[in-house]
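S.K.: Starting off with a structure, shown below.
2 protein chains.
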Amino acid sequence: MKLMRPLMHPAIEDISVEGILHVLSDPVRVAIYAELAGSGSATMCSNFLQVSDRSIPKSTLSQHFRALREAGLVRSERHGVEMRNTSRCKEIEQRFPGLLPAILNAHCVQNAGQARAVKRKQAVRKTKSG
Amino acid sequence: MKLMRPLMHPAIEDISVEGILHVLSDPVRVAIYAELAGSGSATMCSNFLQVSDRSIPKSTLSQHFRALREAGLVRSERHGVEMRNTSRCKEIEQRFPGLLPAILNAHCVQNAGQARAVKRKQAVRKTKSG
DNA sequence: TCCGTAGTTCGTAACTTATGAACTATAGAA
DNA sequence: TTCTATAGTTCATAAGTTACGAACTACGGA
Chain D
1 MKLMRPLMHP
11 AIEDISVEGI
21 LHVLSDPVRV
31 AIYAELAGSG
41 SATMCSNFLQ
51 VSDRSIPKST
61 LSQHFRALRE
71 AGLVRSERHG
81 VEMRNTSRCK
91 EIEQRFPGLL
101 PAILNAHCVQ
111 NAGQARAVKR
121 KQAVRKTKSG
Chain C
1001 MKLMRPLMHP
1011 AIEDISVEGI
1021 LHVLSDPVRV
1031 AIYAELAGSG
1041 SATMCSNFLQ
1051 VSDRSIPKST
1061 LSQHFRALRE
1071 AGLVRSERHG
1081 VEMRNTSRCK
1091 EIEQRFPGLL
1101 PAILNAHCVQ
1111 NAGQARAVKR
1121 KQAVRKTKSG
């Protein structure tokens, strides 16, 4: 009978810039983290994402949360059958001031730019067809 | 006779946060970039690194510079037999304000912390032996 | 005790990265 | 022009990483 390993969280001083950058260099993981740390709710259970985007298998999501946790970006706690994740942004802000805000802001800028590009394309298509 | 492909540089609007984070999540590449963009000289030829750190094979260094270039962090130009690399930090600062300064600063913080940890260990060793 | 839900682990296929050997490209000497 | 040295690139491949389905654990409630 193989048992589940306990959840590992690095101490704040063991969190590395490379680790943070690596974990946030994946589009799914930045999106999760942006939701958690940004405008969204302070806590998020992994299942929320499975419900909102059925395209990501749950084993993959589980690995993404593990990556976020082991890089120190997120604190996870089991509550009954579900897992609650909270951002460790305050701690990280102490160690690496400005890093996470800058990344999240860049992420927003990029998303806004993409949305604008899509609108432009739609407008062009309408002009051609009309 | 296979010829060398031309150097590809993305347009500023095609540079992605994920690409930047991924490329800078490698310790060798952040170190190169920090040297280029930070306190060091504005231009750097790849060979400089081979001379200063013999432990990295030149084919590996070549790939690292290609990664930096294709993520949009660096502009490379061939000058005779050597390659000159310059940071594209001004352009990136326009697109993603504060992102690169925050990463470079975090990198400094981390290096400073590591240096302090090493000194602490040395001090402990001296106390034990003395 | 059995079922359903939430998440984890494992095996493996697909992808990425590092590196040595062989190459291109250029400058300068003979 | 041809030879030689230097700087960097490409290619093959070995080593490492990641994604995902199937089978599992863990917990709550009927």
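First to last, the protein sequences are chains D and C.
Be aware that the first sequence starts at 1, since it is given in our numbering, and climbs by one per residue.
Be aware that the second sequence starts at 1001, since it is given in our numbering, and climbs by one per residue.
By construction, the Cβ of each residue, glycine as well, lies at the ideal position given by its N, Cα and C atoms.
The model shown is predicted, which means the values in this text are computed figures rather than measured ones.
(1) Can you say whether M1004(C) is buried or exposed, counting buried as having 16 or more other CB atoms within 10 angstroms of its CB?
(2) Look up S62(D) in the DSSP assignment and say whether it is helix, strand or coil.
(3) Determine the DSSP secondary structure at V17(D), reduced to helix, strand or coil.
(4) Could you name the residues of the same chain whose beta carbon sits closer than 7 Å to that of V30(D), not counting the 5 residues immediately before and after it, in chain order?
(5) Quick check on DSSP: helix, strand or coil for H22(D)?
(6) With 9 Å set as the bound, which would you pick, yes or no: does the beta-carbon of L1068(C) sit closer than that to a beta-carbon of chain D?
(7) Should Q1110(C) be flagged as near chain D, meaning a C-beta pair shorter than 9 Å?
(8) So, for A112(D): in the same chain, excluding its five sequence neighbours on each side, which residues have a beta-carbon less than 7 Å away from its beta-carbon?
(9) Along the region 94-107 of chain D, where does the CB come closer than 8 Å to a CB of chain C? Name the residues.
(10) Output yes if chain D places a C-beta closer than 9 Å to the C-beta of G1130(C); else output no.
(11) Between which two residues does the alpha helix (DSSP H) harbouring R1029(C) extend?
(12) DSSP three-state call for S1055(C): helix, strand or coil?
(13) In angstroms, rounded to a whole number, what distance separates the CA positions of G1038(C) and Q94(D)?
(14) Under 6 Å Cβ to Cβ from R84(D), same chain only, skipping five residues before and after it: list those, please.
(15) Which bits of chain D does H1064(C) rub up against, with CB to CB less than 7 Å?
(16) Identify whether V1074(C) lies in helix, strand or coil by the three-state DSSP scheme.
(17) State yes or no: is the beta carbon of L1024(C) nearer than 9 Å to at least one beta carbon in chain D?
(18) Compare the Cα-Cα distances from V28(D) to each of L61(D), E13(D), G19(D) and report the closest residue.
(19) Using C-beta distances below 7 Å, list every residue in its chain close to G1130(C), excluding the 5 sequence neighbours before and after it, in chain order.
(20) Inspect the beta-carbon positions of L996(C) and T1086(C) and report whether they are closer than 9 Å.
(21) Against chain D, does V1017(C) count as a neighbour if the rule is that its beta carbon must be under 9 Å from one of theirs?
(22) Does the beta carbon of G1113(C) come closer than 9 Å to any beta carbon on chain D?
(23) For P1010(C), go through chain D and note every residue whose CB falls closer than 7 Å to its CB, in chain order.
(24) Tell me whether G1072(C) is buried or exposed, calling it buried when 16 or more other Cβ atoms sit within 10 Å of its Cβ.
(25) So is I1056(C) in contact with chain D if we call contact Cβ pairs under 9 Å?
M.R.: Let me lay it out:
(1) exposed
(2) helix
(3) Helix.
(4) Excluding its 5 nearest sequence neighbours in each direction, V30(D) has C-beta neighbours in its own chain below 7 Å: L24, H107, listed in chain order.
(5) H22(D) carries a helical assignment under DSSP once its states are collapsed to helix, strand and coil.
(6) no
(7) Taking Cβ atoms only, chain D reaches closer than 9 Å to Q1110(C), which makes this a yes.
(8) Nothing meets the Cβ criterion.
(9) R95, F96, P97, G98, L99, P101, A102, I103, N105, A106, H107
(10) Since pLDDT at G1130(C) reaches only 48, below the 50 mark, its modelled position is unreliable, and no value is offered.
(11) Unbroken alpha helix (DSSP H) run through R1029(C): 1027-1037.
(12) Three-state DSSP puts S1055(C) in coil, outside helix and strand.
(13) Near 22 Å, if we compare the C-alpha coordinates of Q94(D) and G1038(C).
(14) T43, C45, E77
(15) Near H1064(C) there are no residues of chain D at all, since even the closest Cβ is about 14 Å away, more than 7 Å.
(16) strand
(17) yes
(18) L61(D)
(19) Bear in mind that a pLDDT of 48 at G1130(C), under 50, signals an unreliable position, so the number given afterwards is only what the model happens to contain. None.
(20) Limits of chain C in this structure are 1001 at one end and 1130 at the other, which puts residue 996(C) out of reach.
(21) Output row for V1017(C): interface = yes.
(22) yes
(23) What P1010(C) touches in chain D: nothing, since even the nearest Cβ is about 13 Å away.
(24) Buried.
(25) no
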